[in-house]
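In our numbering, the protein residues as written are 416 to 602.
Ideal placement from N, C-alpha and C gives every residue a C-beta, glycine not left out.
Report on one structure; see the data block that follows.
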């Protein structure tokens, strides 16, 4: 069964400007600018005044109705990204061989994983910055404005330390995401 009209609104906070031109959304804020293309989804995407965005979809089935909430979440994440940014914390887990992680240029290098000589390299995506935590041992922090790039970089780091050809119940070594979310405000 088709729903005649499904619509949602997103509020635009102070200090953020959103431009929409034929389903191409540009969000500008104090931390920078993010752009995203929603042309693959058939829906009405327009600004209502300067304070909100309205998303309408007409005569949609269940799969198309799900896209309304998805697009709202993407735009919300863009707004949070340009105002506060995203922070992912990753911890090293090892039983015997200490994992050595360093940054060289735009790559993160992982050495001595399970005592292997192979150096694993993961490229930092655009806008992602790497920091080694000073107060916590064996922890790195990845920050950036675009949640897709930050989370994808973390996933690639975690997947580069997958244990192969060993019993996974015994070999729990790896680099895992321990905490994720928006960067906490100083207030």
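Taking C-beta atoms as the reference points, residue 498 and residue 428 count as a pair closer than 8 Å.
Between the region 429-448 and the region 462-482 there are three or more C-beta pairs closer than 8 Å, enough to call the two in contact. For residue 493, no beta strand (DSSP E) encloses it; the enclosing alpha helix (DSSP H) starts and ends at 477-498. Residue 503 and residue 588 do not touch by the CB rule: their CB atoms are close to 20 Å apart, not below 8 Å. Apart from sequence neighbours up to five positions away, the residues of its chain that approach residue 420 with a beta-carbon distance below 7 Å are 471, 473, ordered along the chain. Within the same chain, 469, 470, 483, 484, 487 come within 8 Å of residue 423 by CB-CB distance, once the 5 residues on both sides are set aside. A distance of 8 Å or more separates the beta carbons of residue 457 and residue 417. Of the candidates 541, 446, 539, 556, the residue whose Cα lies closest to the Cα of residue 547 is 556. Excluding residues up to 5 positions away in sequence, 512, 513, 514, 515 lie with their Cβ nearer than 8 Å to the Cβ of residue 527 in the same chain.
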